[in-house]
Amino acid sequence: MVVKRSRRVAVVVAPVVLGAVWLAVSLGTGSATADTSALGVTSSADVVRVDPVWANLDGTLPTSLPTPSATPTASATPTVPASPTATASPTASASPTAAPTSGSGVGTSPLTAMPVGSVTANGRTWVQSYAEDFTKNAPLGSVLSTYPTIKAYDGQRDTSGQGLYAPNKVLSVSDGSLDFFLHSENNQPLVSTIMPDGYAAHTTGRVSIRYKTDVAKGYKFVGMFWPSSDNWNEGEIDWPEGDLGGKVRPVSAVPGSYSNGAMTFMPSTQQFAATTQADWHVATTEWDRTAVRFYWDGALVASVPNAVPTKPMRVTLQAETFIGQGTVPTSTSGHVDIDWISIWN
Numbered sequence: 024m025v026v027k028r029s030r031r032v033a034v035v036v037a038p039v040v041l042g043a044v045w046l047a048v049s050l051g052t053g054s055a056t057a058d059t060s061a062l063g064v065t066s067s068a069d070v071v072r073v074d075p076v077w078a079n080l081d082g083t084l085p086t087s088l089p090t091p092s093a094t095p096t097a098s099a100t101p102t103v104p105a106s107p108t109a110t111a112s113p114t115a116s117a118s119p120t121a122a123p124t125s126g127s128g129v130g131t132s133p134l135t136a137m138p139v140g141s142v143t144a145n146g147r148t149w150v151q152s153y154a155e156d157f158t159k160n161a162p163l164g165s166v167l168s169t170y171p172t173i174k175a176y177d178g179q180r181d182t183s184g185q186g187l188y189a190p191n192k193v194l195s196v197s198d199g200s201l202d203f204f205l206h207s208e209n210n211q212p213l214v215s216t217i218m219p220d221g222y223a224a225h226t227t228g229r230v231s232i233r234y235k236t237d238v239a240k241g242y243k244f245v246g247m248f249w250p251s252s253d254n255w256n257e258g259e260i261d262w263p264e265g266d267l268g269g270k271v272r273p274v275s276a277v278p279g280s281y282s283n284g285a286m287t288f289m290p291s292t293q294q295f296a297a298t299t300q301a302d303w304h305v306a307t308t309e310w311d312r313t314a315v316r317f318y319w320d321g322a323l324v325a326s327v328p329n330a331v332p333t334k335p336m337r338v339t340l341q342a343e344t345f346i347g348q349g350t351v352p353t354s355t356s357g358h359v360d361i362d363w364i365s366i367w368n
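Residue numbers are given in the working numbering: position 196 of the sequence shown equals residue 219, and the series is strictly consecutive.
Below you can see the structure in the form of structure tokens.
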């Protein structure tokens, strides 16, 4: 692959799985393009599924090509969640207040209790379409049958090509939390990606999760809005995103920029959350008509007005192997725990 750099602006490049080719992406006003003609990549239709870590801290590219994964089929027939009962709307740009619920059980503040009902924020009333507090225990192998609305990738390789999606060996529910147990069996790292409300298509959306992660080398976590069409050129929203236990940063892809040869991501400079994922925190993505906003425990981390998708997208929570940082240690294991998930339209 040939990577061309602008002489006027420094460019940070990071690996992105793109069919069978690694693509260097551009940040801000910098540019980077990949000559993919020799690999037969001719259009955005060649993109299968991508989770770019748009700004690896060392800016390095991987030394080997991953195995691309196809768009998985649903593990079970989706069901439509019932609309929750509305509650009083909280003030704008703050985590909504809700009645106490069972869960991981630390107090009853807005940052611990699952929000229930409509939320008014930034001049808009968001109507809740999905809420899950994980009140039913489900051992390994039974999460998708216990929670049939949730869908999962199964049997495909993850973005780096090192991990294998294996929901029945990774996912469980206990003590009010959905647990991703990331580990290796027979030297194979096992990971999982779920769609909480199935393949439901959103044209705008607001997603909040309360979660925490272990500190575990070799794995990462990202919440996403991903195109329902699987056409990456339509954009992508990632928040929160980061290696397990570390700080997270947001990103939104500029729709249509991939057709120019390199996807452009915003914000143009990395903006990290104030704390790590090693303790419970609430991450909220607000994809509005004119901006994408990213909140950490109710505090605004970034607002992006120039990278707003206009096509339908699905909500995805992806726990997988890290990208472009070497081989995943097979002796490493770690957990991602999700206390609750709320989605609004």
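The beta-carbon is built from N, C-alpha and C at its ideal position, and this holds for glycine as well.
Give the straight-line distance between the Cα atoms of residue i and residue j, rounded to the nearest whole angstrom.
{"i": "Q211", "j": "H225", "result": "34 Å"}
{"i": "Y188", "j": "S280", "result": "29 Å"}
{"i": "A276", "j": "D220", "result": "23 Å"}
{"i": "L41", "j": "T298", "result": "Since pLDDT at L41 reaches only 33, below the 50 mark, its modelled position is unreliable, and no value is offered."}
{"i": "W367", "j": "W149", "result": "6 Å"}
{"i": "T158", "j": "A296", "result": "29 Å"}
{"i": "A285", "j": "V274", "result": "15 Å"}
{"i": "V139", "j": "W255", "result": "32 Å"}
{"i": "A301", "j": "D202", "result": "14 Å"}
{"i": "D198", "j": "A161", "result": "10 Å"}
{"i": "T86", "j": "P352", "result": "Here T86 scores only 38 on pLDDT, less than 50, and its place in the model should not be relied on; the value that follows carries that caveat. About 17 Å."}
{"i": "A144", "j": "S152", "result": "16 Å"}
{"i": "T135", "j": "T287", "result": "35 Å"}
{"i": "P171", "j": "T313", "result": "33 Å"}
{"i": "S141", "j": "W303", "result": "23 Å"}
{"i": "F248", "j": "N209", "result": "33 Å"}
{"i": "T169", "j": "R147", "result": "34 Å"}
{"i": "D156", "j": "Q179", "result": "28 Å"}
{"i": "A223", "j": "T350", "result": "34 Å"}
{"i": "G184", "j": "P190", "result": "16 Å"}
{"i": "Y234", "j": "H358", "result": "11 Å"}
{"i": "V73", "j": "G269", "result": "Only weak support exists for where V73 lies, its pLDDT of 36 falling under 50; the value from the coordinates is given anyway. One C-alpha to the other measures close to 22 Å."}
{"i": "T182", "j": "S282", "result": "21 Å"}
{"i": "S291", "j": "A322", "result": "20 Å"}
Looking at residue j and residue i, is the spacing between their C-beta atoms short of 9 Å?
{"i": "S207", "j": "D360", "result": "no"}
{"i": "L213", "j": "K192", "result": "yes"}
{"i": "F317", "j": "V305", "result": "no"}
{"i": "P278", "j": "V271", "result": "no"}
{"i": "S369", "j": "T307", "result": "Since the first residue of the chain shown is 24 and the last is 368, residue 369 is not available in this structure."}
Please name the residue in the options whose C-alpha comes closest to that of residue i.
{"i": "S252", "options": "A322, R337, T350", "result": "R337"}
{"i": "S365", "options": "A154, S282, A322, P352", "result": "A154"}
{"i": "P250", "options": "S231, M218, R233, Y234", "result": "M218"}
{"i": "G265", "options": "G184, Q348, S291, A322", "result": "Q348"}
{"i": "M289", "options": "G269, S282, G258, N283", "result": "G258"}
{"i": "G164", "options": "D156, G184, S183, L194", "result": "L194"}
Kindly give me the distance between the Cβ atoms of residue i and residue j, rounded to whole angstroms, as I take these residues to be in contact under 8 Å.
{"i": "T216", "j": "T339", "result": "6 Å"}
{"i": "G186", "j": "W310", "result": "With 8 Å as the limit, G186 and W310 do not qualify as a contact, their Cβ atoms being about 27 Å apart."}
{"i": "T267", "j": "V238", "result": "Looking at the sequence itself, residue 267 is Leu, so the reference to Thr does not match. With 8 Å as the limit, L267 and V238 qualify as a contact, their Cβ atoms being about 6 Å apart."}
{"i": "M137", "j": "W319", "result": "Actually they do not touch by this definition, with Cβ atoms about 17 Å apart."}
{"i": "I260", "j": "V196", "result": "Actually they are not in contact, since the Cβ atoms of I260 and V196 sit about 26 Å apart, beyond 8 Å."}
{"i": "V324", "j": "Q294", "result": "6 Å"}
| Are three or more beta carbon pairs between the segment 166-181 and the segment 314-333 nearer than 8 Å? | no
| query | Can we say the segment 224-244 touches the segment 340-353, given the rule of at least three CB pairs closer than 8 Å? | reply | yes
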